[in-house]
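Report on the following structure.
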Amino acid sequence: MAQFINLTLPVMLLLSLFSIEALAEPSLNRPQPRYDPQTVAYIKSSCQTTLYPDLCLRSLHRFANSNIQSPKHLTHVVLAVSLSQALKTREYLVQVAKRFEALKNSKNRRDYFVVQDCLTQINDSADELGHSIKELERLNKIPTTLINDDVLWHMSNVETWMSTALTDASTCVDYFPGHRMSKMKAEIRGKVLNVAQVTSNALALFHRYAAKYREAAQSKRP
Ligand SMILES: *[C@@H]1O[C@H](CO)[C@@H](O)[C@H](O)[C@H]1NC(C)=O
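In mature numbering (1 follows the signal peptide of the UniProt record, and there is no 0), the protein residues as written are -24 to -1, 1 to 198.
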């Protein structure tokens, strides 16, 4: 018996250590040496401030080996993910709309129009995400230390494009209320919801940075 305890105790301790480790460290931090630990820490702490932190971590996971250390860079990466999801979703909706059109029966007419409307929203959303990325790139050309109206102007443009993109994607989500849906509708909803949530995260990340900048700009004014 004594021997049993002697053996189990260290094993138990070891096991509990492992499980604590597993709990404390989500997939982002699994030992993968190519990940830059500073970037990982930065991504984690930034994602905690968003509405969908898990999704934020997941969407940034494959960028953890790059050197992301600024909120502008982080926003840029999240926006690029969001745009790529929006474009994929648009392609998907184009295919779904074609299938509905081919059926051409009155039973599916309503669904066809809903899909078409959603396609319009996601198309707009993708367009607006593209605009916000362009504005962010314009902003990135200006040195971060500078406090001036040009920076404030680009910042507010980035936010406007992003929130419009979020509104359009969310409008499409609302077309598919989440109960008793066909598999296909649930799939559409899942895809557009993803676009909306990733965009919401990008907006949150950028907004926090912009708010700090505005505060600094305010305090430097007479
Ligand atoms: C998306 O919008 C553009 C105009 O902004 C239009 O030319 C294009 O046909 C639209 N694509 C789809 C799939 O609706």
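Note that beta-carbon positions come from the ideal geometry of N, C-alpha and C, so glycine has one too.
Same chain only: Cβ atoms within 8 Å of residue i, ignoring 5 sequence neighbours per side
{"i": "residue 157", "result": "165"}
{"i": "residue 92", "result": "73"}
{"i": "residue 76", "result": "84, 87, 88 and 91"}
{"i": "residue 160", "result": "72"}
{"i": "residue 176", "result": "26, 27, 28 and 142"}
{"i": "residue 126", "result": "118"}
Cβ-based burial, residue i [other Cβ within 10 Å; buried from 16]
{"i": "residue 45", "result": "exposed"}
{"i": "residue 111", "result": "buried"}
{"i": "residue 138", "result": "buried"}
{"i": "residue 153", "result": "exposed"}
{"i": "residue 35", "result": "buried"}
{"i": "residue 40", "result": "buried"}
{"i": "residue 180", "result": "buried"}
{"i": "residue 67", "result": "exposed"}
{"i": "residue 104", "result": "buried"}
{"i": "residue 186", "result": "buried"}
Nonlocal neighbours in the same chain, by C-beta distance under 7 Å from residue i, ignoring five residues either side
{"i": "residue 116", "result": "48"}
{"i": "residue 178", "result": "51, 54, 55, 58 and 138"}
{"i": "residue 114", "result": "130"}
Neighbourhood of residue i by C-beta, 6 Å cutoff - its chain only, sequence neighbours within 5 removed
{"i": "residue 101", "result": "62, 141, 144 and 145"}
{"i": "residue 151", "result": "90 and 94"}
{"i": "residue 173", "result": "28 and 31"}
{"i": "residue 23", "result": "29, 32 and 33"}
{"i": "residue -3", "result": "Confidence at residue -3 is low in this model, with a pLDDT of 37, below 50, so its placement is unreliable and no value can be given for it."}
message = Beta-carbon distances below 7 Å to any heavy atom of ligand 1 define the shell here; list its residues in chain order, please.
response = 66, 70, 95, 96, 99 and 103
request  = For the region 61 to 131, list the beta strand (DSSP E) runs that are entirely contained and at least 3 residues long, ordered along the chain.
outcome  = none
request  = Give, in chain order, every unbroken run of the alpha helix (DSSP H) that is at least 4 residues long and sits entirely within the region 24 to 55.
outcome  = 29 to 36
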